[in-house]
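Chemist: Structure below; questions to follow.
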Amino acid sequence: MQLAVNIVVLASIYALIACGYVLIYRVSRVLNLAHGELMMLGAYMVLATASLFNGHPVVALAAAILLSLLVGALVYVFLMRKMTGEMVLAAILTTVALGILIRGLVVLIWSAQQQYPAQALGVPNPSLVLFGGARISMWSAVLVATTGLVYAALFAFLRFGRWGMRMRAAGQNPLLAAQRGINLHGVYALAWSLSTLTGALAGILMALDSGVTGGMPVIGLKAFPAALVGGLDSLVGALVGSLIVAAAEVLLIYYVDPLLSDVVPFLVLIAMLIVRPWGLFGTREELDRV
Amino acid sequence: MSEALLQVEKIEVVYKRVITAVQGVTLSVGPKQIVAILGTNGAGKTTTLRAISGFLGLDDARITEGTISFEGRRIENAPPHDIAARGIVLVPERDKVFPNLTVAENLVVPVSRAGAAERRRQDEQIYSLFPRLAELRQRIGGLLSGGERQMLAIAGALMCRPSLLLVDELSLGLAPVVVQDLTRRLLAVRDEFGIAILLVEQSAAAALTIADHAYVMENGRIVLDGDRERLKSHQDVQEFYLGQASGERRSYRAVKQYRRSRRWYG
Amino acid sequence: MFRPVPRASGYFRTGYGEDLALLQTRAERISLALFVLILAGFPFVASPFALDLACQVFLASVGALSLMLLTGYAGQISLGHAGLIAAGAFTTGILAREIHAPFWITLPASAVTGIVLGFVFGLPSLRLRGLYLAVSTLALHFVVIYLGGEYETKRGFSTGILVEPPSLAGFKLSGGHFWYFVLLAAAAVSLLICINLLRSRSGRAFRAVHARETVAEALGISIGGYKLLAFVISSAMTSVAGCLFAYYRGFVSVEAFDLFLSIQYVAMIIIGGMGSLLGALLGAAFVTLFPYAIEALLHLLPNADKLAGDIFAVNYASFGLVMILFLVFEPLGLVGIWHRLQNYFLLWPFRYRPLTGARK
Chain A
1 MQLAVNIVVL ASIYALIACG YVLIYRVSRV LNLAHGELMM LGAYMVLATA SLFNGHPVVA
61 LAAAILLSLL VGALVYVFLM RKMTGEMVLA AILTTVALGI LIRGLVVLIW SAQQQYPAQA
121 LGVPNPSLVL FGGARISMWS AVLVATTGLV YAALFAFLRF GRWGMRMRAA GQNPLLAAQR
181 GINLHGVYAL AWSLSTLTGA LAGILMALDS GVTGGMPVIG LKAFPAALVG GLDSLVGALV
241 GSLIVAAAEV LLIYYVDPLL SDVVPFLVLI AMLIVRPWGL FGTREELDRV
Chain B
291 MSEALLQVEK IEVVYKRVIT AVQGVTLSVG PKQIVAILGT NGAGKTTTLR AISGFLGLDD
351 ARITEGTISF EGRRIENAPP HDIAARGIVL VPERDKVFPN LTVAENLVVP VSRAGAAERR
411 RQDEQIYSLF PRLAELRQRI GGLLSGGERQ MLAIAGALMC RPSLLLVDEL SLGLAPVVVQ
471 DLTRRLLAVR DEFGIAILLV EQSAAAALTI ADHAYVMENG RIVLDGDRER LKSHQDVQEF
531 YLGQASGERR SYRAVKQYRR SRRWYG
Chain C
557 MFRPVPRASG YFRTGYGEDL ALLQTRAERI SLALFVLILA GFPFVASPFA LDLACQVFLA
617 SVGALSLMLL TGYAGQISLG HAGLIAAGAF TTGILAREIH APFWITLPAS AVTGIVLGFV
677 FGLPSLRLRG LYLAVSTLAL HFVVIYLGGE YETKRGFSTG ILVEPPSLAG FKLSGGHFWY
737 FVLLAAAAVS LLICINLLRS RSGRAFRAVH ARETVAEALG ISIGGYKLLA FVISSAMTSV
797 AGCLFAYYRG FVSVEAFDLF LSIQYVAMII IGGMGSLLGA LLGAAFVTLF PYAIEALLHL
857 LPNADKLAGD IFAVNYASFG LVMILFLVFE PLGLVGIWHR LQNYFLLWPF RYRPLTGARK
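Residue numbers (my numbering), protein chains in the order written: chain A, 1 to 290; chain B, 291 to 556; chain C, 557 to 916.
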């Protein structure tokens, strides 16, 4: 039973991170390999806002979340906008470089030690007992719920919201979208904002649960196979892919070898690339995009 | 003569800094006029249309000479969303609809400055103009037939409330009956919405049924222009674009002579 | 070989040998001879620190050249370069440790490991392109690192494997001067291999596959075969670099071969300038010397003590920043800057090159 809970928690983490990859890829065909670092930045920002809004944890959290929206838009406006129209590889490498820059800056500003935003905010993290004797920490439970909410909101927005439809349109046919008056730069900035928001949510909740260190982006990198397995442009795929990868990881760690933890997502990825490169729910044309 | 809505003056478009695709083209479109540009492949028609709508940059092309004015303001080399905002909307030749969105979603996506009530009214208007689309509201765009797709493309463009509609190769890949139907609807669009239409067409017969005025392009230049009646009765247009040979058989030498004179003249 | 502006005139070739020669003019031969003299004399006037820097640059050049071959010329994106270096280093370490193999066994063994791994890394390229290929190489990199880590923990080398210096006939070969010349030779040999490979049929096939796959296939070039060949040759070279790395450092540990190392190699070819061997060399020098330059810069600044403790983070941040700057503002890399500089002096007082037809 505890295994099942662990799988659900890990899958929620991966899913919340993976939807960030999917959002940006679906709308602008760019793979944002700085997502893990942006996620970590969100968690560190809570430390900053916690000291700023001392004694008001809710305000601090809200401020950090809003800041992440802003950061995402700024990253697009000041950096990625210059790379639209360039080779996709160049855009991806730009995000990699951005990730490296953020990593360095974070250590310089906040030091490399493990820090605990929960303590800084003064919020507790009790362990809850579920049926079957399984335990789950409070913030992990909040994370699972948040993932569900975020996905529901994203589904609704993309499906029924006017700008959500425009984002989908821009992803399918950017030229036609521009001809129909859709401001592509605005749509891309929106995608980056939303992606950074979901990433920051994941980072903050994980940090509240178990602290934050400079090594957090690794989890972001492990969530990437989850997105790819499901299909880089499919939200449903991200959800399913996360479940698969999380299940594989937890089960293999438990039954085979704990050291496998970092490599299992990539083994699943390799298997998927052999069998069905565009993922379970991805659109097939994506394969030939260079 | 009323002030022209769109005035193109002697433009020259150069691809990749070395290939001149369009030279010395001058044309004008008056308000509520339907103007057609005729010509074979490679004549420069689509290039002219792209120059007007601002999408040359993608193919590494530029307007190197001449001016384009819309409602009195210069728009050559302006960014495409700017031109769209001013009221010139293009119905492209390829990739004209959003393939993974439904028909209804295709019509929601275009951006216009209309309020919600206005948009609803527009929706009604368009569905009454294209009743077939009303039946297909939930159909995915990629699954439409050629004619339905073209209708959706025009409808999508109309949702942006243009004052000038540019249509690129309306008849491409469509059966003559469908083309006839579409051209009649374009006429209805002009009458109901009061917009001007600039049509680029390979099928001169289809275009000349609705165009008030037409230009013929060859090798990047305009070789003939006039109103519908003049073009329809012009011998060269009849022979080379409408497929109506004029009685006696032309000798080989006469045809070669004609082609030679066209090359020098055009 | 690419020349921005023709510099040789009045030299007539009277035989195929002259046509194929790498150095065509007397000026080139003289300048190369001078360059070789300088390189040869360097170790005798340089400090041990500078010597170590030069050795590191040469070592990095081998890896950079092999990656340039694979990505810059054959167009196969690879983010798993660190994994291949690790493979070569681990092969050397394992063989040296387990069976005390001498270097004239470990070196070829590393090359063989490289060939096998190159095949494995290259298999996805038969089906995938671009982003997906890069991702597959990334995944394989992690698998290799995992295997290395497994070996370390299972065999009790959790802090890494110590590798003794290579020995020949009982004499231990080590020392700054020795390594300088060995690594210089390695870099030179790699450069020559790359130059000649690119001038050969295979090299042209690589370029064709990179430019337009379908056309290349229509011309009868076996795409799968040449892609695999590119991977195999590149990986063999990289593994040999890993072997040299193991001997030079004297120490093999899986932490040294992280993703950042892969990114550094990719940065080398991007900052250097894609599609140019000179670019690989310049990029290797730039990226290798960069951390030392930053450290020196820090010492010049007034209140640097605070930052000096976090030198690693400063390196990280400035590396990311520089990489971004190059990607956004100078996509042609250092080679682009070099050619612009060359053109300025060669064309003066004119400013523009003569028209050579439609340019991209």
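Glycine residues also receive a C-beta, built at the ideal position from the N, C-alpha and C atoms.
In this text, all values refer to a predicted model and were calculated from it rather than measured experimentally.
Can you list, in chain order, the residues of the segment 88 to 107 of chain A whose Cβ is nearer than 9 angstroms to any Cβ on chain C?
Modeler: Hits within the stretch, in order: Val88, Leu89, Ala90, Ala91, Ile92, Leu93, Thr94, Val96, Ala97, Leu98, Gly99, Ile100, Leu101, Ile102, Arg103, Gly104, Leu105, Val106 and Val107.
Chemist: Strictly by DSSP, which residues pair up with B:Gly516?
Modeler: Answer by DSSP bridge pairing, in chain order: B:Ala504.
Chemist: Any beta carbon of chain A sitting closer than 8 angstroms to that of C:Glu769?
Modeler: Not an interface residue.
Chemist: Tell me which residues share the same chain as C:Arg915 and place their Cβ nearer than 8 angstroms to its Cβ, disregarding the 5 neighbours each side in the sequence.
Modeler: Annotation note: pLDDT 39 at C:Arg915 (below 50); position unreliable, no value reported.
Chemist: Tell me whether A:Met1 is buried or exposed, calling it buried when 16 or more other Cβ atoms sit within 10 Å of its Cβ.
Modeler: Looking at its Cβ environment, which holds fewer than 16 other Cβ atoms inside 10 Å, A:Met1 is exposed.
Chemist: Would you say A:Ile270 reaches chain C, if we count a Cβ-Cβ gap shorter than 8 angstroms as a contact?
Modeler: It does: the Cβ of A:Ile270 has a partner Cβ on chain C nearer than 8 angstroms.
Chemist: Tell me which residue opens and which closes the alpha helix (DSSP H) that B:Gln297 is part of.
Modeler: Segment Leu296 to Tyr305 is the beta strand (DSSP E) holding B:Gln297; no alpha helix (DSSP H) there.
Chemist: Pull up the distance between the alpha-carbon of B:Val513 and that of B:Tyr548, whole angstroms please.
Modeler: Using only the alpha carbons, I get a separation of about 13 angstroms.
Chemist: State the beta-bridge partners of B:Ile353 as determined by DSSP.
Modeler: Answer by DSSP bridge pairing, in chain order: B:Val303.
Chemist: Have a look at B:Val379, B:Ala311, B:Pro421 and B:Met507 and flag the residue whose alpha-carbon is nearest the alpha-carbon of B:Ile248.
Modeler: One cannot answer for residue 248 of chain B here, as it falls past the ends of chain B, which runs 291 to 556.
Chemist: I need the DSSP call for B:Val479, collapsed to helix, strand or coil.
Modeler: It is helical.
Chemist: With a cut-off of 8 angstroms on the beta carbons, I'd call C:Cys799 and C:Thr647 a contact; round off their distance for me.
Modeler: So it is a contact: roughly 7 angstroms between Cβ atoms.
Chemist: Between the segment 757 to 787 of chain C and chain A, which residues of the former have CB atoms less than 7 angstroms from a CB of the latter, in chain order?
Modeler: Of all residues in the segment 757 to 787 of chain C, none has a Cβ within less than 7 angstroms of some Cβ in chain A.
Chemist: Are the beta-carbon atoms belonging to A:His35 and A:Gly199 less than 8 angstroms from one another?
Modeler: Result yes, Cβ atoms of A:His35 and A:Gly199 sit closer than 8 angstroms.
Chemist: Can you list, in chain order, the residues of its chain whose CB lies under 6 angstroms from that of C:Val561, leaving out five sequence neighbours each side?
Modeler: Low local confidence applies: a pLDDT of 49 at C:Val561 is under 50, so the model's placement there is unreliable, and no value is given.
Chemist: State yes or no: is the C-beta of C:Pro680 within less than 8 angstroms of the C-beta of C:Leu689?
Modeler: It is a contact, given that the beta carbons lie within the stated cut-off.
Chemist: Mapping DSSP to helix, strand and coil, what is C:Val745?
Modeler: Three-state DSSP puts C:Val745 in a helix.
Chemist: Would you tell me roughly how many angstroms separate the C-alpha atoms of B:Gln412 and A:Leu105, rounded to the nearest one?
Modeler: Distance between the alpha carbons of B:Gln412 and A:Leu105 is about 52 angstroms.
Chemist: Would you verify that the beta carbon of C:Glu886 is, or is not, closer than 8 angstroms to some beta carbon of chain A?
Modeler: No, its Cβ sits nowhere closer than 8 angstroms to a Cβ of chain A.
Chemist: Which residue marks the beginning of the beta strand (DSSP E) containing A:Arg135, and which one marks its end?
Modeler: It spans Arg135 to Ser137 - the beta strand (DSSP E) in which A:Arg135 sits, taken as one unbroken run.
Chemist: With DSSP run on the structure shown, which of helix, strand or coil describes A:Tyr14?
Modeler: Of the three classes helix, strand and coil, the one that applies to A:Tyr14 here is helix, per DSSP.
Chemist: Check C:Gly913 in the structure and name its three-state DSSP category.
Modeler: With a pLDDT of only 46 at C:Gly913, under the threshold of 50, the placement of this residue in the model should not be trusted; the figure read from the coordinates follows. If DSSP states are grouped into helix, strand and coil, C:Gly913 belongs with coil.
Chemist: What is the rounded straight-line gap between the Cα of C:Val884 and the Cα of A:Lys82?
Modeler: Each residue's Cα considered, the two are about 7 angstroms apart.
Chemist: Short of 7 angstroms in beta carbon distance, which residues of its chain neighbour C:Gly892, apart from the five on each side in sequence? Order them along the chain.
Modeler: Cβ within range, chain order: Gly829 and Glu886.
Chemist: B:Ile327 and B:Tyr505 - do their beta-carbons sit closer together than 8 angstroms?
Modeler: The answer is yes: Cβ separation under 8 angstroms.
Chemist: Hey, is A:Ile182's beta-carbon within less than 8 angstroms of any beta-carbon in chain B?
Modeler: Answer yes: the Cβ-Cβ gap between A:Ile182 and chain B drops below 8 angstroms somewhere.
Chemist: Do B:Leu476 and B:Ile500 have their C-beta atoms within less than 8 angstroms of each other?
Modeler: Yes.
Chemist: Within 8 angstroms of any Cβ in chain A, is that where the Cβ of B:Ala375 sits?
Modeler: It does; some Cβ of chain A falls within 8 angstroms.
Chemist: Taking the alpha-carbon positions, what's the A:Thr146 to B:Pro466 distance?
Modeler: Rounded to whole angstroms, A:Thr146 to B:Pro466 spans 56 angstroms at the Cα level.
Chemist: On the CB-based measure, 16 or more other CB atoms within 10 Å of its CB, does B:Lys546 come out buried or exposed?
Modeler: When all chains shown are included, B:Lys546 counts as exposed.
Chemist: Using a cut-off of 9 angstroms between C-beta atoms, extract the partners of C:Arg683 located in chain A.
Modeler: Correct list: Leu273, Ile274, Pro277 and Leu287.
Chemist: Counting contacts by CB-CB distance shorter than 8 angstroms, is C:Ser832 in contact with chain A?
Modeler: By this cut-off, C:Ser832 is not an interface position.
Chemist: Here's a check: name, in chain order, each residue in its chain whose Cβ is nearer than 6 angstroms to the Cβ of C:Arg569, leaving out the five neighbours to either side.
Modeler: Within the same chain, C:Arg569 has close Cβ partners Asp575.
Chemist: What three-state label does DSSP hand B:Glu491 in the structure shown?
Modeler: Note: B:Glu491 maps to strand in three-state DSSP.
Chemist: Three-state secondary structure (DSSP) at C:Pro560?
Modeler: Because C:Pro560 sits at a pLDDT of 47, beneath the cut-off of 50, its placement in the model cannot be relied upon, and the point is left open.
Chemist: Should B:Phe360 be flagged as near chain A, meaning a C-beta pair shorter than 8 angstroms?
Modeler: Closer than 8 angstroms: no.
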